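Worksheet for the structure shown next.
2 protein chains.
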Amino acid sequence: MLTKAEIQRVRSLREKKHREELGLFVIEGEKVVSELLAANYHFSEIYATDDWTDPSALAEGIAAPPRPHVVRISADEMARASHFPTPSSVLAVGRIRHEALPPNALNQGLSLALDGVQDAGNVGTLLRVAEWFALDRVLLSADCADLFHQKVINASMGSFARVRVHTVDLPAVLEELNHVPVLGCDLTGKSVHTLDALDHAVLVVGSEGRGISGAVREHITEYVTVPRYGGAESLNAGIAAAIVCDNLRRLQ
Amino acid sequence: MLTKAEIQRVRSLREKKHREELGLFVIEGEKVVSELLAANYHFSEIYATDDWTDPSALAEGIAAPPRPHVVRISADEMARASHFPTPSSVLAVGRIRHEALPPNALNQGLSLALDGVQDAGNVGTLLRVAEWFALDRVLLSADCADLFHQKVINASMGSFARVRVHTVDLPAVLEELNHVPVLGCDLTGKSVHTLDALDHAVLVVGSEGRGISGAVREHITEYVTVPRYGGAESLNAGIAAAIVCDNLRRLQ
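Residue numbers (the working numbering), protein chains in the order written: chain A, 1269 to 1520; chain B, 1269 to 1520.
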């Protein structure tokens, strides 16, 4: 059972402004909620209709992840709380946490920096790529799609809960770097097939429409590109970044 | 000006059944229509509101691609003909052409075969990847997302008009091959970093949920995988295929 005020609170989290005000975000859908529970993501509230079976209740021999009590609600309440025209059987609320970037963190390991990547699906895909290639962290500039947007979390396929992400002032953070290569993905860079092995580096992916911003370009030490053999105008940001990561990792 | 019957005909093309019956498909949006016109794609009908400016009318010194007369319609007519709640200023109708696969074609060059890839965005992305890496052709099994679905064409970013695509009975076509390697993208294959150079090959990408089908598996000569360094469960089909293509092309 949900009060009218509770339903309105959950619905309001569609908008970033309200998410920031309340420090909460919503995620809906059997698949994504299962993925995040499996990743031991700690939700603060879970609402479900009677159709929903808690996946951890089915897993034998696996300790149940920490979780709140599941509040059972009616299909009608779910329809009113949901952000979608076709609601699923489960809706979970999480607490927004912004993890500060520790000083000098970028001097160690491989970081992926997203500079104005505005498509939520692309941001989620890039989190998944970062996890696959075991990058040490992902940096988001303030004008990227909001990390707590449902589309970002869905597209990340659970990587949202496992990858370290920091929202930063990207030019200011790159300014502090100490002899760490900053590679920019660009159509006019050096071929990724000729890269040298790099233990520590920042790989920058720019926005879908206008590429890497002027303020970030000042800190790029080398542009890299995926060699093109045919006629397509560009590659999707997630694909280009994944190919660069594959080429970096094969050298290590 | 559009008659009620014409509006209904255009609207009906939302469904694959009607597209197949009429042999027509629809594409909407300034960006995608421009991309296809720039690729010299020959539409049979173009409807636009007064807001639409024909992009080729602006390009100086470039011969206008072949095209039908643009029929100007009102915003209200566009809203009724459009497949979307928020219609754009242009809607184009094209003729569905299924190009037969010439005999023995797969013995020459690199082919990308999609086996039950059901997400329209993934199919479009894979067309774009095929064009970037200059693959010779793309094969679609009959259970892939429909090539003439707007989402496929949109996601292909114009590659739809430039890549050779054949819808085929995939196991039957692979059965006919003569000493051509058939690589299957799989999580348990050999690392793509250890591939040998291949001038002629078919690369198979399976469905998002269940991978490569049993009937196609009988024809795979080698499974290949993108080495995983971190914890993500899988890579998106488009990303995995693009990384395999990058590794094949660097060897040539």
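Glycine included, C-beta positions come from ideal geometry on N, C-alpha and C.
It should be emphasised that the depicted structure is a prediction, and the values quoted were computed from it without experimental measurement.
- In the three-state reduction of the DSSP assignment, leucine 1290/A falls in the helix class.
- Around the beta-carbon of leucine 1455/A, fewer than 16 other beta-carbon atoms lie within 10 Å, marking it exposed.
- In the DSSP assignment, threonine 1493/B falls outside any alpha helix (DSSP H) and lies within the beta strand (DSSP E) extending over 1490-1493.
- Within chain B, the residues Asp1514 have their CB atoms less than 7 Å from the CB of valine 1494/A, given in chain order.
- DSSP, reduced to helix, strand and coil, places threonine 1435/A within a strand of the structure shown.
- A direct Cα-Cα distance of roughly 10 Å separates asparagine 1375/B from leucine 1442/B.
- The beta carbon of phenylalanine 1401/B sits closer than 9 Å to some beta carbon of chain A.
- Under DSSP, tyrosine 1315/B shares a beta bridge with Val1339/B and Leu1359/B.
- Listed along chain B, the residues sitting closer than 7 Å to serine 1427/A by beta-carbon distance are Ala1500.
- Annotation for proline 1355/B: Met1346 and Ala1347 place their beta carbon closer than 6 Å to its own, counting only its chain and skipping 5 residues before and after.
- The DSSP assignment places complete alpha helix (DSSP H) segments of no fewer than 4 residues inside the region 1436-1465 of chain B at 1438-1443, in order along the chain.
- The three-state reading of DSSP puts leucine 1516/B in helix, counting H, G and I together.
- Looking from the CA of valine 1431/A, the closest CA among Asp1404/A, Gly1457/A, Lys1299/A and Lys1419/A belongs to Asp1404/A.
- In the DSSP annotation of this structure, the continuous segment of the beta strand (DSSP E) that includes leucine 1382/A starts and ends at 1378-1382.
- The three-state secondary structure of isoleucine 1295/A, taken from DSSP, is strand.
- Contact of arginine 1517/A with chain B by beta-carbon distance below 8 Å involves Pro1495 and Tyr1497.
- Counting only runs of 3 or more residues that sit fully inside the region 1370-1417 of chain A, the beta strand (DSSP E) segments are 1378-1382 and 1405-1409, in chain order.
- With respect to the 9 Å criterion, valine 1397/B and alanine 1510/B are classified as neighbours on the basis of their beta carbons.
- Taking a 10 Å sphere around the C-beta of methionine 1269/B, we find fewer than 16 other C-beta atoms and assign the residue as exposed.
- Contact residues of the region 1444-1473 of chain A toward chain B are His1461 (C-beta to C-beta distance below 7 Å).
- When Ala1429/B, Leu1394/B, Glu1486/B and Tyr1309/B are compared, the shortest CA-CA separation from leucine 1382/B is found for Leu1394/B.
- Per the DSSP secondary-structure output, glycine 1479/A pairs in a beta bridge with Ser1475/A.
- For arginine 1432/B, not one C-beta of chain A is nearer than 9 Å to its own C-beta.
- Residue pairing for valine 1470/B: DSSP places it in a beta bridge opposite Ser1379/B and Val1450/B.
- The residue among Val1472/A, Arg1517/A and Thr1489/A with its C-alpha nearest the C-alpha of glycine 1506/A is Val1472/A.
- Interface annotation, leucine 1503/A: in contact with chain B, CB-CB separation under 9 Å.
- Per the coordinates, the alpha-carbon of histidine 1468/A lies some 13 Å from the alpha-carbon of leucine 1519/A.
- DSSP, read as helix, strand or coil, puts leucine 1270/A in coil.
- Here aspartate 1322/B carries a coil assignment [DSSP, helix/strand/coil].
- Using a Cβ-Cβ cut-off of 8 Å, isoleucine 1511/A is close to Ala1510, Ile1511 and Asp1514 of chain B, given in chain order.
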